[in-house]
Structure formats: C-alpha cells, structure tokens
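Please read the structure below before turning to the comments.
In my numbering, the protein residues as written are 1 to 257.
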C-alpha cells in the first residue's frame, strides 16, 4: 500500500446518530446537496457516511469521479437500492440498467446519440434558450429578485423533455403543467424510498405513496402517447427518418432499421 492509498475505514466521517447514522441530518434539509457540501467542508472532498447501516462513499473530487465512471459497469455499479427502487416503479432502461441488461440497452441509445443525429437538437436548444432569455428580461423589468435556480431548473426540464420525447412542456412560462406537477411528486419520492431503511410501501400505502402511484400512471400514459405521436410523425413525414427531431424519434428510427 503506497502513501496515497487509504482504506474506506481510514476516510473521515462527520458526526452522526449511533443507529441512524447521517440519515436524520441528510433528510432534515430538503436541499440535501447542501448537507453533503457542509460535510465536505468538515471532512474534505472524499469522506464516508452511513444511512442506518448502509455505508456510502461521498466524493467531490472530479478526477476520482471520472475514474469511477470509466470503470462502470464492470467494477462500479449504481447503488443497488436505487436501482431496485426505480425498477419497482416500472422503469427499466439504459439509464438505470446494470451488467448484461445495460449492455443490451446501450447500443440503440448510443446509436441514437451519434454526432450526426445530435445536430438535430440544436433548434430545440436555440428555442428554449431564447424563451429563457425573454423570461429573464421580463423579470428584470419588474425590478424584483430573480429566483435563478428555479428558472434554470425550468429551462433544464424544458430542454430534457423536448429532446427526449418531443414534449414541449414550456415550464419556463407555465408553472402549473400537469406533467411537471407529477414529476415533482416522483423525484422526491425516489430519494425518500432510497433513504428509508424499511420498504413500508410494499405493505402499507401512505397518502404520498398513493400520489406517487397516480403520478407514475400519468407519466406512463403520457410516454405512451408520445411514442404513438412519434410513430405517426415518422409515418407522415418520411424525411424524419434521416433527420429525427428528438431522442424518441431516433430510437424508433433505429428500431425500424
């Protein structure tokens, strides 16, 4: 062992509960990334924590993180509990698969995201960026503080849904879209279930769990509607076979090939 090598037990760890570990403090703040950043100031850019016995390594070192990602999925995998929670919600694909399943899903996604096809995304980025600038200009005229994190989050959601599904959410201008409201239920519940020590929802459904089930059903219907609409566009506009306008159209084009 050289001088730069440390075992997991030798890494620093912030103070935590003797049974629940660091889970209570982590869940206390809705913006949990701030808790991780606070612990990094105390322990450095590489430290360990545990959630009710589940050991976790936290890294804020970009070089280390890059090396870990380069060794996926053979050496490193996602947290098994995260993969299980997402799969239990009915999501199976390249972005949460591991091992052989990941290898099966990766080729069509990689093919759909080649450089030539990615150029088709530029008009989407241009349109959403223009919308964001117009929105910020409008807020600036009101001479009020601009919630820039919320605006950037809306921009990210709009770009992602448009590129992935061709679904133009317009979250930048509209704060009450049904699709977005359901996403705001799903993602916090993923985090909640991953950090819960016992899978109570398999035996008892709380109000939040029932809302999650309804949100998942809504999103599933929306995705199926997007797939049907994309198939129809490809049938009506053969030129999209060469220049698909979003990731879904690209995947369907590759499937037909």
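Heads up, the beta-carbon is just placed ideally off N, CA and C, and yes, glycines get one too.
Inter-residue distance for residue 215 and residue 250 is about 26 Å (C-alpha atoms, whole angstroms). Here residue 128 is buried, its C-beta having at least 16 other C-beta atoms within 10 Å.
Considered as a whole, the region 211-239 harbours no complete run of any beta strand (DSSP E) with no fewer than 3 residues. Closest in alpha carbon position to residue 24, among 51, 5 and 47, is 51. Judged by their CB atoms, residue 120 and residue 16 are not nearer to each other than the 8 Å cut-off. Rounded to whole angstroms, the gap between the alpha carbons of residue 117 and residue 43 is 44 Å. Taking the Cα positions, residue 234 is about 12 Å away from residue 226. Residue 48 has 57 as its beta-bridge partners, per DSSP.
In terms of Cα proximity to residue 58, the closest of 82, 14 and 71 is 14. Taken through DSSP and simplified to helix, strand or coil, residue 21 comes out as strand. In this chain, the alpha helix (DSSP H) harbouring residue 65 covers 62-70. Spatial neighbours of residue 139 in its own chain (CB-CB distance under 7 Å, excluding positions within 5 residues in sequence) are listed in chain order as 146. Here residue 209 has 201 as same chain residues with Cβ atoms under 6 Å from its own Cβ, once five neighbours each way along the sequence are excluded.
Rounded to the nearest whole angstrom, the C-alpha separation of residue 187 and residue 70 is 26 Å. Counting along the chain, residue 133 sits inside the alpha helix (DSSP H) bounded by residues 122-141. With a 10 Å radius around the Cβ and a threshold of 16 neighbouring Cβ atoms, residue 162 comes out buried. Classified as buried, residue 158 has 16 or more neighbouring CB atoms from the shown chains inside 10 Å of its CB. Rounded to whole angstroms, the separation of the alpha carbons of residue 196 and residue 56 is 14 Å.
The three-state secondary structure of residue 83, taken from DSSP, is helix. Apart from sequence neighbours up to five positions away, no residue of its chain approaches residue 228 with a beta-carbon distance below 6 Å.
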